[in-house]
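When the sequence shown is numbered by this note's numbering, its final residue is 148 and no position is left out of the sequence of numbers.
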Amino acid sequence: MVAYRFEDSRGSDCVKCHLAGYDRLLQVDGWAAYNRLAETKRRGGPLTLPAYWAHLRRKFYELHSETIERMAGQKSAVTRREQMVGDGLQLTLDLMHWNAANPDEEPIELPMDLSFDIELRLNAPDEDDEAA
């Protein structure tokens with residue numbers, strides 16, 4: 017049986033009133049008001065509430081979309097890191113070449129560990145803070 021009843025309110029009291037005494041299966045959508053009908057303390061006992069597959073599918077789709085976004089962000093970060101490593105390698109090779117080509121000069125040495133520089137910039141005061 018299919019029944020339609022329209023109310024001026026979306027409150028759970030309308031659902032509770034219309035389904036008072038009903039104790040069988042009730043096909044529902046994702047509206048939270050139906051959840052109270054499945055409570056074990058409900059007078060007349062809890063209803064069985066099978067949900068529409070479309071609502072369940074939407075949750076999987078949302079999870080999938082969030083995962084795709086995270087993977088894209090991670091791929092972008094990995095690509096940027098690989099670019100930094102490549103730049104560091106090229107700088108090292110350039111310095112090795114310069115030092116080899118100029119044996120009478122003091123060698124140019126640059127540390128490739130950037131951790132200190134990164135921490136320094138992360139904790140540096142903003143330009144606005146210095147002006148104040």
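Even for Gly, the Cβ is constructed at its ideal location relative to N, Cα and C.
Since this is a predicted model, take the numbers as computed values, not measurements.
Check, Outcome
"CB-CB length for M128 against G104, believed under 8 Å", "5 Å"
"At least 3 beta-carbon pairs within less than 8 Å: the segment 55-63 vs the segment 81-88", "no"
"Member of A48, E82, L130, A117 whose CA lies at the smallest distance from the CA of M100", "L130"
"Rounded separation between A48 and V94 - CA only", "41 Å"
"For L41: DSSP bridge partner residues", "T64"
"9 Å Cβ cutoff met for N51 and L35", "no"
"Burial state of L53, where buried means 16 or more other Cβ atoms lie within 10 Å", "buried"
"Residue ranges of each beta strand (DSSP E) within the segment 53-130, 3 or longer", "none"
"First through last residue of the alpha helix (DSSP H) which encompasses D24", "Note, D24: premise wrong, no alpha helix (DSSP H); not H, not E."
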